[in-house]
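Colleague: Can you keep this structure in mind? I'll have questions shortly.
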Amino acid sequence: MNSVETETTLVMYHVGTDNVTGCHGTSTVPEADVLIDGNKVKNKNLTKNTVMWLPAKYLDTTYNPSKLLSTKVSSYVSSAFKRVLHENGIYINDVYFISSDEMVKVNEELNDITEKGYQRLDQIEAQWDTIVGDHCSNPENREIAGLIQDHALSAAEWKSKFTFKPPVPMHVKPIFIEDAHSLQEMQVRQLYVEISNEAEKQLNHLSKPSMSIGQKFRQPLARLVRKICSLAFIEPKIIAVVDYVEHAIRILPKKGKLPPSDVEVVKDVYYGLSSPNRIKEVIEQRDPTSNANALLQSMNDAGNAADNTQDTDLTGSIHPTGDGVGDDEDSRDFDDVGDDASNDDESHGWGKDVW
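Straight run, no breaks: the sequence shown in my numbering ends on number 355.
See the structure below:
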């Protein structure tokens, strides 16, 4: 599909309930069904009048432990949609604003998430009889095995309840000039806020006691730099932050763990970006246009190679070539829990034992 845009602008995406639907894996049962000889059955898969006919490890309870929201497949897809949009844009009032230059890349990533989500459903469907059968035969579920069998959906019916639709970009064009100026000011403010929020998050992570820091410290920096580069057209002077990051970490070793003195260098980088006012100070201390085009081109050439081993002018400093950071929490695989996709506390994924 060809884009109607001829110059760089912002387009908006929204992730709503129509983009991801799923199945709860539970059913409401009559009061009489949960009684044996007049006594209520005590079982972790039976809550009040609700029976959990799908094993708990296939359900997501991370957002609200008191409710079984959905299977981890739908939770992951929703979270992954938001993560991709958040990494490439800014988030205002439940809408993500993305550079039109990034649409093709973002749409490809969203489509890839959708495809992998359906692939995961296919894998579960293929194992359906074993999954439900093992749930019934679990000694802990002996008293409610009949309930599980009676209320469990067939694999086809379960799968039919899922829908994954990537959010689509929409053009943003205020009618009045005053509204356009106001929207741009809001977007610029949010860009500063999101940079500082990410910097503060990484600073807190690096400040944990006994944290082992390897080369994957470069991954969140690379994501931050790519985001700044793609959105610099709404605030051109913010490109100076890229020069600030590159200059600060250029001296760091490109392999192995970082010694404490180098960890302090990385922490200082994040500290300098940990509030909008500090970011403005960084910009004021640099020529906002210095090497901007070269830096942008370098990032474009680097693409998404946040963990490759090739060294270019910029990615040689920012991209890792060796060991990871501690527990490798920056790895972005489907096995892993989502990464605060839009600072909305929805961080979901499916566990290693499920995937």
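A virtual CB, placed ideally from N, CA and C, is assigned to each residue, including glycine.
Using the C-alpha atoms, what's the distance from His171 back to Thr17?
Modeller: 21 Å
Colleague: Say whether the segment 92 to 112 touches the segment 241 to 254, bearing in mind that this needs 3 or more beta-carbon pairs closer than 8 Å, one atom from each stretch.
Modeller: no
Colleague: Within a Cβ cutoff of 7 Å, which residues of the same chain sit near Val263, ignoring the five residues on either side of it in sequence?
Modeller: Leu206 and Ile213
Colleague: At 4 residues or longer, and completely inside the segment 247 to 273: list those alpha helix (DSSP H) runs for me, N to C.
Modeller: 260 to 271
Colleague: Quick check on the burial criterion: 16 or more other C-beta atoms within 10 angstroms. Buried or exposed for Val15?
Modeller: buried
Colleague: Determine the extent of the beta strand (DSSP E) in which Leu10 is found, giving its start and end residues.
Modeller: Leu10 to Tyr13
Colleague: Hey, would you say Ile251 sits closer than 8 Å to Leu224, going by beta carbons?
Modeller: no
Colleague: Between Ser230 and the rest of its own chain, which residues show a CB-CB distance below 7 Å, the 5 nearest in sequence each way excluded?
Modeller: Here the set comprises Asn88, Ser99, Asp101 and Glu102.
Colleague: For Lys237, name the three-state secondary structure that DSSP assigns.
Modeller: It is helical.
Colleague: Only counting the same chain, and skipping five residues up and downstream in sequence, which positions put a Cβ closer than 6 Å to that of Thr163?
Modeller: Thr21
Colleague: Our contact map puts Tyr13 next to Tyr96 with C-beta atoms below 8 Å; I'd like the distance itself, whole angstroms only.
Modeller: 5 Å
Colleague: Which word fits Thr114, buried or exposed, when buried means at least 16 other C-beta atoms lie within 10 angstroms of its C-beta?
Modeller: By the Cβ neighbour-count rule, Thr114 is buried, with 16 or more other Cβ atoms within 10 Å of its own.
Colleague: According to DSSP, what are the bridge partners of Phe164?
Modeller: Val20
Colleague: First and last residue of the beta strand (DSSP E) that includes Ser275?
Modeller: Run containing Ser275: none; DSSP gives neither H nor E here.
Colleague: Alpha carbon to alpha carbon, what distance is there between Glu185 and Met52?
Modeller: 49 Å
Colleague: In the DSSP assignment, the alpha helix (DSSP H) including Gly117 goes from what residue to what residue?
Modeller: Met103 to Ala126
Colleague: Can you check whether the CB of Ile239 is closer than 8 Å to the CB of Ala232?
Modeller: yes
Colleague: Might you give, ordered along the chain, the residues of its own chain that have their beta carbon closer than 7 Å to the beta carbon of Pro276, omitting 5 neighbours on each side?
Modeller: Tyr192, Val193 and Ser196
Colleague: Just mark Val265 as buried or exposed, buried being the case when its beta carbon has 16 or more other beta carbons within 10 Å.
Modeller: With fewer than 16 other CB atoms across the displayed protein chains lying within 10 angstroms of its CB, Val265 is exposed.
Colleague: From which residue to which residue does the beta strand (DSSP E) around Ser27 run?
Modeller: Thr26 to Thr28
Colleague: As an exercise, report each continuous alpha helix (DSSP H) stretch of at least 4 residues that is fully enclosed by the segment 123 to 206, in chain order.
Modeller: 128 to 137, 145 to 151, 155 to 160 and 177 to 206
Colleague: Excluding five sequence neighbours on each side, which residues of the same chain lie with their C-beta closer than 7 Å to the C-beta of Thr8?
Modeller: Closer than 7 Å at Cβ, skipping near neighbours: Ser99, Ser100, Asp101 and Phe233.
Colleague: Tell me the rounded alpha-carbon separation between Arg286 and Ile228.
Modeller: 16 Å
Colleague: Go ahead and label Lys82 buried or exposed: buried means 16 or more other beta carbons lie within 10 angstroms of its beta carbon, across all protein chains shown.
Modeller: buried
Colleague: Pull up the distance between the alpha-carbon of Leu387 and that of Val269, whole angstroms please.
Modeller: Residue 387 lies beyond the residue range present for the chain, which begins at 1 and ends at 355; the question has no answer from this structure.
Colleague: Please say whether Val11 and Pro169 have beta carbons closer to each other than 8 Å?
Modeller: For Pro169 and Val11, yes; Cβs fall inside 8 Å.
Colleague: Taking Gly133 as the reference, which of His151, Arg120, Leu121 and Lys116 has the closest Cα?
Modeller: When each option's Cα is compared against that of Gly133, the closest is His151.
Colleague: With distance defined between alpha-carbon atoms, name the residue in Ala80, Ala126 and Thr130 nearest to Pro55.
Modeller: Thr130
Colleague: Check this for me: beta carbons of Gly117 and Thr71, under 8 Å apart or not?
Modeller: no
Colleague: Given that a residue counts as buried once 16 or more other Cβ atoms are within 10 Å of its Cβ, and exposed if not, what is Ile124?
Modeller: buried
Colleague: Trp128 and Ala155 look like a contact to me (Cβ under 8 Å); what is the Cβ gap, rounded to whole Å?
Modeller: Sure, about 4 Å apart at Cβ, within 8 Å.
Colleague: When you compare each of Ile148, Glu140 and Lys159 to Cys23 by their alpha carbons, which one comes out closest?
Modeller: Lys159
Colleague: In chain order, what residues of the same chain lie with their CB nearer than 8 Å to the CB of Lys257, ignoring the 5 residues before and after it?
Modeller: Ser212, Ile213, Gly214 and Asp323
Colleague: Is the beta carbon of Ile279 closer than 8 Å to that of Gln190?
Modeller: no
Colleague: For Leu54, which three-state DSSP category applies?
Modeller: coil
Colleague: How far does the alpha helix (DSSP H) with Ser79 in it extend, from its first residue to its last?
Modeller: For Ser79, the enclosing alpha helix (DSSP H) stretches over residues Lys72 to Asn88.
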